[in-house]
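Undergrad: After the structure tokens below, expect a handful of questions from me.
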């Protein structure tokens, strides 16, 4: 299935699965949609915290059609599942958000670590959550974010157990993807960043860390959703976790200096 | 002082200090000198273990003059201090080795981590042993080397404490210097590589590892000396630790993909 086909089926309500594992090689993006009055601060927040909030494209106000990630794709229905947020709480998980459209909405598309996982696997670095067909393990940390307006909080990280002999290489490979979280924010010693239960993920699924493996932590795209909850905005739309916007760009387009 | 001046003074017996801190920006090299009958296996050993034994130049047999690292420099007297090894034991530390020259000697010049330390410091990653004017901390490990002929053993590593927020960057920066040890061979958890006393270095000086720092381990140029001792060759020459060959090449010449 091509990204265009997946988006068309999503718009018709015929594709309703998580997008992990579909359209290998293509960039998938997180989405956050806000009224214009909050958009400026949110964009500033992303620029100040590029590792957890790597901005790939800003769409609107006045349109819901992307021009960079998939020219002409409508962000109101091409994602398989959305979340509607009111006062910091998720109130609905609809298959499209056409009825919520207004001229003053701004759509933020943010990078996702799916993009660098492909590069890790190509380099022979196996990823347990992929092998076990699980969601990646994610944790709240005590790593502070740079605040902007109502947006503030701590970073959420994803964790992948990596064999000790491949940790440096994993840092090097993912550093080549600065627009999709980049190099790890922390290696080993979970307690140093405020994680006291690495065996139990805060979000996603838990995986074993085996002998001779280190837990390696990357900034995670769940961070902005977490920040949205804290900001308790009257209204926001996001993608539903795991149900991403599938773009026409290749992951390789986001690799630099290779 | 230029590298040529330092080498000239060394040859005249007027420069007899360790070379650390001299000729900033220029590549310094470890040296191993063997009779031809062992040279082929030693070269194979270096090629099989490029991280601890990064070969920069092979000189001879039939000459002691370098052609790549410092064209025309004589390896018999341009290093400030040498070691003479007999049957695996250091028997002398002379200022030159002219009297030991024979037509069948082969000179190996090997990369040294001084080269990437400059790049780390330039990136704002401070190195405690440099700040405290100490020798870097080095440790024996249980990391096996690929054997070749009489040469075998385990890797020696150098350790630098790095703040947790800079570990990934340190991996990325040093990965750009594949000919001078490259990226770390291990990060954190000293016991995973057979080091059970990280607070006490096996070679060099010990330094503190402070809160929020991880010990980061790189393959070390002391490895070949250690292997030589084990091989108990009837005769070998090396530089004395800390008294390196100072070349005319710049460290930046060994950076790739920057």
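Protein chains in written order, with the numbering used here: chain B, 27 to 284; chain L, 27 to 284. Backbone N, C-alpha and C define an ideal beta-carbon position, used for all residues, glycine too.
Identify whether residue 65(L) lies in helix, strand or coil by the three-state DSSP scheme.
TA: Position 39 of the second chain, counted from the first residue, corresponds to residue 65(L). Residue 65(L): helix per DSSP, three-state reduction.
Undergrad: So if DSSP puts residue 54(L) in a beta bridge, which residue, or which two residues, is it bridged to?
TA: Walking along the second chain from the start, residue 54(L) turns up at place 28. BP columns for residue 54(L) point to 272(L).
Undergrad: Using a 10 Å radius around the Cβ and a threshold of 16 neighbouring Cβ atoms, would you call residue 271(B) buried or exposed?
TA: Position 245 of the first chain, counted from the start, is the residue given in the question as residue 271(B). That one is buried.
Undergrad: Among the residues of its own chain, which have a CB less than 7 Å from the CB of residue 138(L), if the five just before and after it don't count?
TA: Counting from one through the second chain, the residue named residue 138(L) turns up at place 112. Around residue 138(L): 54, 55, 56, 206, 247, 270.
Undergrad: For residue 115(L), would you say it is in contact with chain B, using Cβ-to-Cβ distances shorter than 8 Å as the test?
TA: Numbered from its first residue, the second chain carries residue 115(L) at position 89. No, because no Cβ of chain B sits closer than 8 Å to the Cβ of residue 115(L).
Undergrad: How many angstroms separate the CA atom of residue 112(L) from the CA atom of residue 258(L)?
TA: For the purposes of this step, residue 112(L) is taken as the residue at position 86 of the second chain. For the purposes of this step, residue 258(L) is taken as the residue at position 232 of the second chain. The straight-line gap from Cα to Cα measures roughly 7 Å.
Undergrad: Taking buried to mean at least 16 other C-beta atoms within 10 Å of its own C-beta, is residue 105(B) buried or exposed?
TA: What you label residue 105(B) is simply residue 79 of the first chain in a count that begins at 1. So residue 105(B) counts as buried.
Undergrad: Under 8 Å between beta-carbons, which chain L residues line up against residue 215(B)? List them in chain order, please.
TA: The residue you call residue 215(B) lines up with position 189 of the first chain. What residue 215(B) touches in chain L: 190, 214, 240.
Undergrad: From this set, 61(L), 28(L), 174(L), 279(L), which residue's C-alpha is nearest residue 263(L)'s C-alpha?
TA: Within the second chain, numbered from 1, the residue matching residue 263(L) stands at position 237. Of 61(L), 28(L), 174(L), 279(L), the residue nearest in Cα terms is 61(L).
Undergrad: Take residue 220(L) as the anchor and find which of 89(L), 95(L), 182(L), 236(L) has the nearest alpha-carbon.
TA: The count along the second chain starts at 1 and reaches residue 220(L) at position 194. The shortest Cα separation from residue 220(L) among 89(L), 95(L), 182(L), 236(L) belongs to 182(L).
Undergrad: Quick check on DSSP: helix, strand or coil for residue 112(L)?
TA: Translated into positions along the second chain, residue 112(L) becomes position 86. Residue 112(L) falls in the strand class under three-state DSSP.
Undergrad: In the DSSP assignment, what are the bridge partners of residue 165(L)?
TA: Within the second chain, residue 165(L) is the residue found at index 139, counting from 1. DSSP, once it has assigned bridges, lists 183(L) as partnering residue 165(L).
Undergrad: Buried or exposed for residue 47(B), going by 16 or more other Cβ atoms inside 10 Å?
TA: Here residue 47(B) refers to the residue found at position 21 of the first chain. When all chains shown are included, residue 47(B) counts as exposed.
Undergrad: Which residues bound the alpha helix (DSSP H) around residue 37(B)?
TA: Counting from one through the first chain, the residue named residue 37(B) turns up at place 11. Residues 29-37.
Undergrad: Kindly indicate which three-state DSSP category residue 284(B) falls into: helix, strand or coil?
TA: Counting from 1 along the first chain, the entry for residue 284(B) is found at position 258. Because the pLDDT of residue 284(B) is 40, which lies under 50, any placement of that residue in the model is unreliable, and the question is left without a value.
Undergrad: Suppose the cutoff is 7 Å on Cβ atoms and the five residues either side in sequence are ignored; what does the same chain contact list for residue 179(B) look like?
TA: Here the question's residue 179(B) lines up with position 153 in the first chain. Answer for residue 179(B): 171, 252, 253, 256, listed in chain order.
Undergrad: Look up residue 254(B) in the DSSP assignment and say whether it is helix, strand or coil.
TA: Position 228 of the first chain, counted from the first residue, corresponds to residue 254(B). In the three-state scheme derived from DSSP, where H, G and I count as helix and E and B as strand, residue 254(B) is classed as helix.
Undergrad: Do you know offhand how far residue 83(B)'s Cα is from residue 204(B)'s?
TA: The residue given as residue 83(B) occupies position 57 in the first chain. The residue given as residue 204(B) occupies position 178 in the first chain. Roughly 15 Å separates the two Cα atoms.
Undergrad: In chain order, what residues of the same chain have a beta carbon less than 7 Å from the beta carbon of residue 160(L), not counting five sequence neighbours either side?
TA: What you label residue 160(L) is simply residue 134 of the second chain in a count that begins at 1. Cβ within range, chain order: 231, 233.
Undergrad: Using a Cβ-Cβ distance under 8 Å, would residue 197(L) count as near chain B?
TA: Position 171 of the second chain, counting from 1, holds the residue named residue 197(L). With 8 Å as the cut-off, residue 197(L) counts as an interface residue toward chain B.
Undergrad: Quick one: residues in its chain with C-beta nearer than 7 Å to the C-beta of residue 284(B), no 5 flanking neighbours on either side, listed in chain order?
TA: Position 258 of the first chain, counted from the first residue, corresponds to residue 284(B). Reliability fails at residue 284(B), whose pLDDT of 40 lies under 50, so the model's placement of it is uncertain and no value is given.
Undergrad: What does a CB cutoff of less than 6 Å around residue 223(B) pick up in its chain, not counting 5 residues either side in sequence?
TA: Position 197 of the first chain, counting from 1, holds the residue named residue 223(B). Closer than 6 Å at the Cβ level, and outside the excluded window around residue 223(B), lies no residue.
Undergrad: When you compare each of 210(L), 277(L), 103(L), 107(L) to residue 266(L) by their alpha carbons, which one comes out closest?
TA: For the purposes of this step, residue 266(L) is taken as residue 240 along the second chain, with counting starting at 1. When each option's Cα is compared against that of residue 266(L), the closest is 107(L).
Undergrad: Note down, in chain order, every chain B residue with its Cβ under 7 Å from the Cβ of residue 193(L).
TA: Along the second chain, one-based indexing puts residue 193(L) at 167. Near residue 193(L) (Cβ distances below 7 Å), the residues of chain B are 213.
Undergrad: Throw me the rounded Cβ distance for the residue 136(L) and residue 186(L) pair, which I believe falls under 8 Å.
TA: Locating residue 136(L) in the second chain gives position 110, counting from the first residue. Locating residue 186(L) in the second chain gives position 160, counting from the first residue. Not a contact, Cβ separation roughly 19 Å.
Undergrad: In chain order, what residues of the same chain have a beta carbon less than 7 Å from the beta carbon of residue 188(L), not counting five sequence neighbours either side?
TA: Taking the first residue of the second chain as position 1, residue 188(L) is located at position 162. Once the five neighbours on either side are set aside, the close Cβ partners of residue 188(L) are 151, 196, 239, 240, 242.
Undergrad: Are the C-beta atoms of residue 218(L) and some chain B residue less than 8 Å apart?
TA: Along the second chain, read from residue 1 onward, the residue named residue 218(L) stands at position 192. Answer yes: the Cβ-Cβ gap between residue 218(L) and chain B drops below 8 Å somewhere.
Undergrad: Which two residues bound the contiguous beta strand (DSSP E) that contains residue 265(L)?
TA: One-based indexing of the second chain puts residue 265(L) at position 239. For residue 265(L), the enclosing beta strand (DSSP E) stretches over residues 262-265.
Undergrad: Among the candidates 227(B), 184(B), 99(B), 149(B), whose CA atom is the shortest distance from the CA of residue 194(B)?
TA: Along the first chain, read from residue 1 onward, the residue named residue 194(B) stands at position 168. The option with the nearest alpha carbon to residue 194(B) is 149(B).
Undergrad: Spatial neighbours of residue 65(L) within its chain, please: CB distance less than 7 Å, with the 5 preceding and 5 following residues excluded, ordered by chain position.
TA: Along the second chain, read from residue 1 onward, the residue named residue 65(L) stands at position 39. Within the same chain, residue 65(L) has close Cβ partners 132.
Undergrad: Answer yes or no: does any C-beta atom of chain L fall closer than 8 Å to that of residue 210(B)?
TA: In the first chain, counting from the first residue as 1, residue 210(B) sits at position 184. Yes, residue 210(B) counts as interfacial toward chain L.
Undergrad: According to DSSP, is residue 172(B) helix, strand or coil?
TA: By 1-based counting over the first chain, the position of residue 172(B) is 146. Here residue 172(B) sits in coil by DSSP.
Undergrad: For residue 124(B), count neighbouring C-beta atoms within 10 Å of its own C-beta (all shown protein chains included) and say buried if the count is 16 or more, exposed if not.
TA: Your numbering for residue 124(B) matches position 98 in the first chain. The residue is exposed, with fewer than 16 neighbouring Cβ atoms inside 10 Å.
Undergrad: With distances taken between CB atoms, is the gap from residue 145(B) to residue 199(B) smaller than 8 Å?
TA: Reading the first chain from its first residue, position 119 is the one you call residue 145(B). Reading the first chain from its first residue, position 173 is the one you call residue 199(B). The criterion of a C-beta distance shorter than 8 Å is satisfied by residue 145(B) and residue 199(B).
Undergrad: Considering only C-alpha positions, which residue in the set 211(B), 119(B), 63(B), 158(B) is nearest to residue 129(B)?
TA: Here the question's residue 129(B) lines up with position 103 in the first chain. Residue 63(B) is the option with its Cα nearest to residue 129(B).
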